[in-house]
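The opening residue of the sequence shown carries number 2 in the working numbering; numbering runs sequentially from there. Okay, structure first, notes after.
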Amino acid sequence: MRIFSFFATALLFILPLKSGSNQVDGYSNIAISTCSGDNVTFRDSEELTYKIYYNWGLVWLSAGEATFRVQEQKRVFDFGRWKDLSCL
Numbered sequence: 002m003r004i005f006s007f008f009a010t011a012l013l014f015i016l017p018l019k020s021g022s023n024q025v026d027g028y029s030n031i032a033i034s035t036c037s038g039d040n041v042t043f044r045d046s047e048e049l050t051y052k053i054y055y056n057w058g059l060v061w062l063s064a065g066e067a068t069f070r071v072q073e074q075k076r077v078f079d080f081g082r083w084k085d086l087s088c089l
């Protein structure tokens, strides 16, 4: 059991040293490959609307409405105020 623990601990220290060789221009290949896939999470022109209400005792008052729209651009999705969510 001690021999197994020794080798398991040694692998924890050796494997991270070997993974540094997979970097291109300071970025790992894993990060680069994730940007090349198709984004199926959001589609162009999708819209999400929140209607906000305030409860004052037994009375519900309309407090406002927030709308988020997705606009597809070159490798960037524009979510209103947050800009440039492109891959590095």
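Just so it is clear, CB atoms sit at the ideal spot from N, CA and C, and this is done for glycine as well.
Identify whether residue i lies in helix, strand or coil by the three-state DSSP scheme.
i, result
"F5", "helix"
"T50", "strand"
"T42", "coil"
Is the beta carbon of residue i sitting closer than 8 Å to the one on residue j?
i, j, result
"S50", "E66", "As written in the sequence, residue 50 is Thr, which differs from the Ser given in the question. Cβ distance < 8 Å, so T50 and E66 count as in contact."
"F43", "V60", "no"
"T68", "E47", "no"
Ignore the nearest five residues each way along the sequence and tell me which others in residue i's own chain have a CB closer than 6 Å to its CB.
i, result
"T10", "none"
"I53", "A64 and G65"
"Y55", "L62 and A64"
"D1", "The structure shown has nothing for residue 1, since the chain only spans 2 to 89."
Which residues in the same chain as residue i place their Cβ atom closer than 8 Å to its Cβ, once the five residues preceding and following it in sequence are excluded?
i, result
"I4", "none"
When every heavy atom of the ligand PLP is checked, does at least one fall within less than 7 Å of the C-beta of residue i?
i, result
"A64", "With respect to small molecules bound, the structure shown includes none, and the ligand PLP cannot be examined in it."
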